[in-house]
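Number of protein chains: 2
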Amino acid sequence: MPRAGLAPAAVTEAGATLADELGFAQLSMGLLAERLGVKTPSLYKHVGGLADLTHRIAVLAMTELGDAVRDATQGRADSDALTAAAQAMRTYVKEHPGRYAAGNAARPTGPDDPLIPAGDRLLASLAAVLRGYGLDRSDEIHALRMLRSMLHGFATLEVAGGFQLDTDVEDSFTWMLNLIDQGLQATKPSRSEAG
Amino acid sequence: MPRAGLAPAAVTEAGATLADELGFAQLSMGLLAERLGVKTPSLYKHVGGLADLTHRIAVLAMTELGDAVRDATQGRADSDALTAAAQAMRTYVKEHPGRYAAGNAARPTGPDDPLIPAGDRLLASLAAVLRGYGLDRSDEIHALRMLRSMLHGFATLEVAGGFQLDTDVEDSFTWMLNLIDQGLQATKPSRSEAG
DNA sequence: GCTTAAAGCTAATCGAATTAGCCATGGAGG
DNA sequence: CCTCCATGGCTAATTCGATTAGCTTTAAGC
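Protein chains in written order, with this note's numbering: chain P, 935 to 1129; chain D, 935 to 1129.
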């Protein structure tokens, strides 16, 4: 019996892919083992169990998503950055629904859980996008929460098939971003818009 | 052995309550049976199984939520209606996180699934709120999707403990609604704002 | 008071996760 | 080249939750 040459990272990656393909809820140790050409108990040599596996997938997802948003917004500002970040996030969720679901379901297990910095980095990337709007310090937290809520909600509903006709979902997304952009511009205290 | 006097509706209600208390993922036939003072197999005389139970809870949730939003918006218009609907939805999700999760996880099983009209009624209530803004017909679908995304996302993140300091989550919600209200007012084509 | 469908129960089955314990692989050191 | 042993894979066994089968009691309607 030749070895499969597995490692925690490879098992996690395969699990994440499986979750994307079948749905997070369908992910099981048995299915993953089969996918890797190995018997179920063998997986326990690489990950602690199903809970540990899903947690690793969650960290992977948050890290990838954070990177995607950061990369997409490089060199952009204001509306451009907002659009880029939003599309990056939406695209990621559509391409990796299982991973994203894992990321949402996960809860930090302790103060040194890698999930925390991964999540923080994603938040920091979104916060950076908002910074360009020059909001009041007190508005920043609200704007960030709004942006998160909106992107999370939209992507989640879309992936869940919550929107009827697939057509013009793209338009709806753009429309929504536009409204938010306008709103943030108007909120901006410094600009000479209303002065 | 005296009878427990159960019925599908009572079992569903108890299951929903259990889901709210422990989390949707923790809901199990065994726990529910214990809660009802009955042995697990007895539940199968009232519901088809765990899948059927969760689906019933989903229908219950969508129905209750639709009613809550409808009731909250009665006699209100524009900003008032928007605020009332949003708060009603947020409150419902906070008070019934398990039910709401069930409602989101559920997928219609066929064309005559009661989940469909229940969901439609909720959407209709939200659409009614937007109607007051007198948007272009083509903008209505976008605005509705935005509203859903935002409310769903915010409530979901809040319940999941996604926002750091619990403080001023209330403020953030109000701030968000305000920005949306402003945006919708501005989008309104008829008004004499920019003319 | 008798009949019978409904509602409970116990026992058994099934599937997925996990654990225990055994064995082969293959790189490191001789 | 040969040996050692940590690693990674395997089979067997356990556990737990869902579900099914089949029996029994309740209690509603006559």
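No residue lacks a Cβ here, since even glycine has one placed at the ideal position from N, Cα and C.
Cβ distance (whole Å) where residue i is taken to contact residue j below 8 Å
i, j, result
"D:L940", "D:V993", "Contact flag wrong, Cβ pair sits at about 18 Å."
"P:V981", "P:R969", "About 14 Å separates the two Cβ atoms, so there is no contact after all."
"P:M1110", "D:M1080", "4 Å"
"D:H1086", "P:T1090", "7 Å"
"P:G1117", "D:G1117", "5 Å"
"D:T958", "D:A1035", "Correcting the residue identity first, residue 958 of chain D is Phe in this sequence and not Thr. Correct: roughly 4 Å between the Cβ atoms."
Reduced DSSP category for residue i - H, G, I as helix; E, B as strand; rest coil
i, result
"D:G1068", "coil"
"D:V972", "coil"
"P:K979", "helix"
"D:L1111", "helix"
"D:S962", "coil"
"P:G1032", "helix"
"P:L1099", "coil"
"P:D1001", "helix"
"D:P1051", "helix"
"P:R1010", "coil"
"D:T1172", "Within the shown structure, residues of chain D are numbered from 935 to 1129, placing residue 1172 of chain D beyond reach of any answer."
"D:L1016", "helix"
"P:T951", "helix"
"D:R1024", "helix"
"P:D1105", "helix"
"P:D1046", "coil"
"P:R1079", "helix"
"P:G957", "coil"
"D:A1120", "helix"
"P:L1060", "helix"
"P:A1089", "helix"
"D:L940", "coil"
"D:A967", "helix"
"D:A1040", "coil"
"P:A1094", "coil"
Under 8 Å by beta carbon: chain D residues contacting residue i
i, result
"P:S1106", "I1075, H1076, R1079, M1080"
Own chain residues within Cβ distance below 8 Å of residue i, not counting five before or after
i, result
"P:T1007", "A1015, A1018, A1019, A1022, S1059, A1062, V1063"
"D:T974", "M963, G964, A967"
"D:T946", "V981, L987, R990, I991, L994"
"P:P942", "H980, V981, R990"
"P:F1097", "L1091, V1103, S1106"
"D:I1114", "L1016, M1080, L1081, M1084"
"P:K1028", "A1089, E1092, V1093"
"D:A948", "L966, R969, L970"
"P:D1005", "A1022"
Residues of its chain near residue i, where Cβ-Cβ distance is below 7 Å and the 5 sequence neighbours each way are ignored
i, result
"P:S1126", "Annotation note: pLDDT 49 at P:S1126 (below 50); position unreliable, no value reported."
"P:M996", "G1037, L1049, A1052, G1053, L1056"
"D:D1102", "none"
"P:G1066", "A1011, D1012, A1015"
"D:V1003", "A1019, A1022, M1023, L1056, S1059, L1060"
"D:P1031", "D954, V1093"
"P:S976", "A967"
Close Cβ partners of residue i (< 6 Å) along its chain, the five nearest in sequence each way excluded
i, result
"P:L999", "Y1026, L1056"
"D:L984", "M963"
"P:P1123", "D1070"
"D:P1042", "L1049, I1050"
"D:A950", "I991, L994, R1033"
The ligand ATP heavy atom lying under 7 Å from the CB of residue i
i, result
"P:L994", "Absence of the ligand ATP is noted for the structure shown, with no ligands found whatsoever."
> If you measure beta-carbon to beta-carbon, which residues of the region 1073-1097 of chain D are closer than 9 Å to chain P?
Replying inline: D1073, I1075, H1076, A1077, L1078, R1079, M1080, R1082, S1083, M1084, L1085, H1086, G1087, F1088, A1089, T1090, L1091, E1092, A1094, G1095, G1096, F1097
> Going along the region 1107-1120 of chain D in order, which residues come within less than 7 Å of chain P, judged by CB to CB distance?
Replying inline: W1109, M1110, L1113, Q1116, G1117, A1120
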